[in-house]
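Per this note's numbering, the very first residue in the sequence shown carries number 39; after that it's consecutive.
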Amino acid sequence: MDNNIIVSLKDIVVDFDEETILNGLSLDIHDKEFVTLLGPSGCGKTTTLRIIGGFLSPKSGNVFFDGKEITHLPPYKRQVNTVFQKYALFSHLNVFENVAFGLRLQKLPDREIKSRVLEMLEIVGLRDFARRDTTTLSGGQQQRVAIARALVNHPKVLLLDEPLGALDLKLRKEMQTELKRIQQALNITFIYVTHDQEEALTMSDTVVVMKGGVIQQIGTPQDIYNEPVNAFVADFIGESNILDGIMVRDFLVEFSGVQFSCVDKGFAPNELVNVVIRPEDIEVVPAIQGRLSGVVKSVVFKGVHYEITVEQGGFDWIIHSTQKQNVGELIGLNIGPEEIHIMKRMRD
39 MDNNIIVSLK DIVVDFDEET ILNGLSLDIH DKEFVTLLGP SGCGKTTTLR IIGGFLSPKS
99 GNVFFDGKEI THLPPYKRQV NTVFQKYALF SHLNVFENVA FGLRLQKLPD REIKSRVLEM
159 LEIVGLRDFA RRDTTTLSGG QQQRVAIARA LVNHPKVLLL DEPLGALDLK LRKEMQTELK
219 RIQQALNITF IYVTHDQEEA LTMSDTVVVM KGGVIQQIGT PQDIYNEPVN AFVADFIGES
279 NILDGIMVRD FLVEFSGVQF SCVDKGFAPN ELVNVVIRPE DIEVVPAIQG RLSGVVKSVV
339 FKGVHYEITV EQGGFDWIIH STQKQNVGEL IGLNIGPEEI HIMKRMRD
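Written as structure tokens, this is what we have:
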């Protein structure tokens with residue numbers, strides 16, 4: 039086993055009431071990595087987290103930690119701690135005592151408890167709040183107390199189950215940056231669950247995209263966004279235009295009635311494919327200069343760009359452009375070879 043792998047799941051099967059939740063899932067997670075399990079509700083990401091934490095036993099398969107099998111080891115014997123969406127802070131204890139709780143259970147000396155708690159409160163930016171009542175804290179501050187409480191026991195892996203779900207958008211953004219900073223400061227493995235694509239792309243070293251209990255793709259945020267392996271991943275990770283096409287031959291695809299050069303190869307001649315094109319990768323030009331042309335149906339200002347819907351041959355294209363267009367106008371669309379991503383045709 040790779041020395042750098044801290045958690046390894048092998049052929050994990052989980053089912054509830056005869057419904058398969060995880061279907062032979064295998065996953066290796068490397069030490070000191072920020073890994074995000076990303077997917078829609080019901081895809082199995084929280085179940086995967088619970089398997090790693092020991093809160094759930096698989097029907098079959100094995101869990102390894104640092105090369106040792108821990109499939110049936112209870113949670114308290116694992117070098118893993120969990121932060122849930124509901125922080126479950128003790129309202130009768132102040133911030134310091136909430137963080138110290140696990141250390142007191144271990145009957146550690148007071149001096150060590152104080153040192154470790156204050157160190158952790160420093161890392162999460164709450165050292166001045168040690169004596170504060172947790173009920174007087176904001177959602178973001180309560181979140182930090184929960185993280186400090188989970189980290190003060192020095193786990194090798196921290197599991198986070200949609201921990202920012204209860205926060206408003208501005209606070210979520212701040213906490214995304216904060217969590218990444220904490221992970222880098224402590225140099226430990228974070229395994230994070232979310233259905234928020236932007237959150238996953240912002241914070242992660244590695245993103246694991248899941249659907250229906252099966253891993254669809256594992257990669258860096260850049261890989262997942264720029265080189266999705268199938269139309270599901272492309273559509274889930276940000277907006278995409280997904281069209282039916284025909285791979286005429288290597289490096290030549292036909293869609294919307296026009297043949298385009300592309301950089302893909304290895305498909306059968308005239309194989310039916312899905313074509314994926316990101317909204318920001320389409321160049322808007324005068325109608326006469328476009329390989330495709332269509333009529334502008336709607337224009338919405340998004341702050342950084344305009345989101346333009348263009349009807350062309352019965353398909354509604356989504357385009358992101360810094361140039362405003364007028365509804366009802368005929369415009370041209372050009373797409374370069376590098377901007378066209380070819381996938382196996384989806385069968386759902």
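Every residue, glycine too, gets a C-beta built ideally from N, C-alpha and C.
State buried or exposed for residue i, treating a residue as buried only when at least 16 other CB atoms are found within 10 Å of its CB.
{"i": "Gln361", "result": "exposed"}
{"i": "Tyr450", "result": "Residue 450 is absent from the structure shown; the chain starts at 39 and stops at 386."}
{"i": "Glu71", "result": "buried"}
{"i": "Leu207", "result": "exposed"}
{"i": "Glu212", "result": "exposed"}
{"i": "Asn136", "result": "buried"}
{"i": "Arg154", "result": "buried"}
{"i": "Gln144", "result": "exposed"}
{"i": "Ala306", "result": "exposed"}
{"i": "Val296", "result": "exposed"}
{"i": "Gln214", "result": "buried"}
{"i": "Ser79", "result": "exposed"}
{"i": "Asn364", "result": "exposed"}
Cutting at 8 Å between CB atoms, please list the residues of its own chain near residue i, excluding the five before and the five after it.
{"i": "Gly163", "result": "Arg182, Glu216"}
{"i": "Arg170", "result": "Asn132, Val133"}
{"i": "Thr173", "result": "Ser129"}
{"i": "His343", "result": "Glu318, His358, Ser359, Thr360"}
{"i": "Gly283", "result": "Val291, Glu292, Phe293, Leu310, Val311, Asn312, Val313, Ile380"}
In whole angstroms, what is the alpha-carbon distance linking residue i and residue j?
{"i": "Lys115", "j": "Leu205", "result": "31 Å"}
{"i": "Val311", "j": "Leu290", "result": "12 Å"}
{"i": "Leu464", "j": "Gly178", "result": "Given that the chain is displayed from residue 39 to residue 386, the structure contains no residue 464 and the question cannot be resolved."}
{"i": "Phe54", "j": "Leu111", "result": "21 Å"}
{"i": "Pro317", "j": "Glu107", "result": "46 Å"}
{"i": "Leu94", "j": "Arg165", "result": "35 Å"}
{"i": "Glu150", "j": "Leu156", "result": "10 Å"}
{"i": "Phe270", "j": "Pro259", "result": "16 Å"}
{"i": "Arg187", "j": "Phe167", "result": "14 Å"}
{"i": "Asn42", "j": "Ser299", "result": "41 Å"}
{"i": "His358", "j": "Asp319", "result": "8 Å"}
{"i": "Pro375", "j": "Leu224", "result": "43 Å"}
{"i": "Ser336", "j": "Met248", "result": "33 Å"}
{"i": "Gly250", "j": "Thr85", "result": "12 Å"}
{"i": "Leu330", "j": "Asn61", "result": "42 Å"}
{"i": "Tyr202", "j": "Glu292", "result": "According to the sequence displayed, residue 202 carries Leu and not Tyr. In a straight line, the C-alpha of Leu202 is about 43 Å away from that of Glu292."}
{"i": "Val313", "j": "Ser64", "result": "29 Å"}
{"i": "Met200", "j": "Pro113", "result": "For the sequence presented, residue 200 should be read as Glu rather than Met. If I take the Cα positions, the gap works out to 19 Å."}
{"i": "Arg142", "j": "Ile185", "result": "17 Å"}
Compare the beta carbon distance of residue i and residue j with 8 Å and say whether it is the shorter of the two.
{"i": "Val195", "j": "Val118", "result": "yes"}
{"i": "Asp69", "j": "Ile44", "result": "yes"}
{"i": "Ile275", "j": "Ile256", "result": "no"}
{"i": "Val252", "j": "Leu76", "result": "no"}
Which same chain residues, not among the five before or five after residue i, have their C-beta less than 6 Å away from its C-beta?
{"i": "Asp328", "result": "Correcting the residue type first, residue 328 is Gly in the shown sequence and not Asp. Answer for Gly328: Gly370, Leu371, Asn372, listed in chain order."}
{"i": "Met39", "result": "Confidence in Met39 is poor, its pLDDT being 46 and thus under 50, which makes the residue's placement unreliable; the coordinate value appears in the next sentence. Hits under 6 Å: Gly105."}
Apart from the five residues on each side of it in sequence, which residues of its chain come closer than 7 Å, Cβ to Cβ, to residue i?
{"i": "Glu277", "result": "Pro317, Ile356"}
Indicate, with yes or no, if the ligand HEM has a heavy atom lying under 7 Å from the CB of residue i.
{"i": "Leu198", "result": "As far as ligands go, the structure on display features none, and thus does not contain the ligand HEM."}
**Study point:** Inside the stretch 63-135 only - beta strand (DSSP E) runs reaching at least 3 residues
**Key:** 72-76, 98-103, 118-121
Practice item. Kindly provide the ranges of any alpha helix (DSSP H) runs that are 4 or more residues long and lie completely inside the stretch 147-191, ordered along the chain. Key: Taking only runs of at least 4 residues, the alpha helix (DSSP H) segments lying wholly in the stretch 147-191 are 148-161, 177-189.
Practice item. Let me know the alpha helix (DSSP H) ranges lying completely inside the stretch 183-259, each 4 residues or longer, listed in chain order. Key: Segments of the alpha helix (DSSP H) lying fully in the stretch 183-259: 207-224, 235-241.
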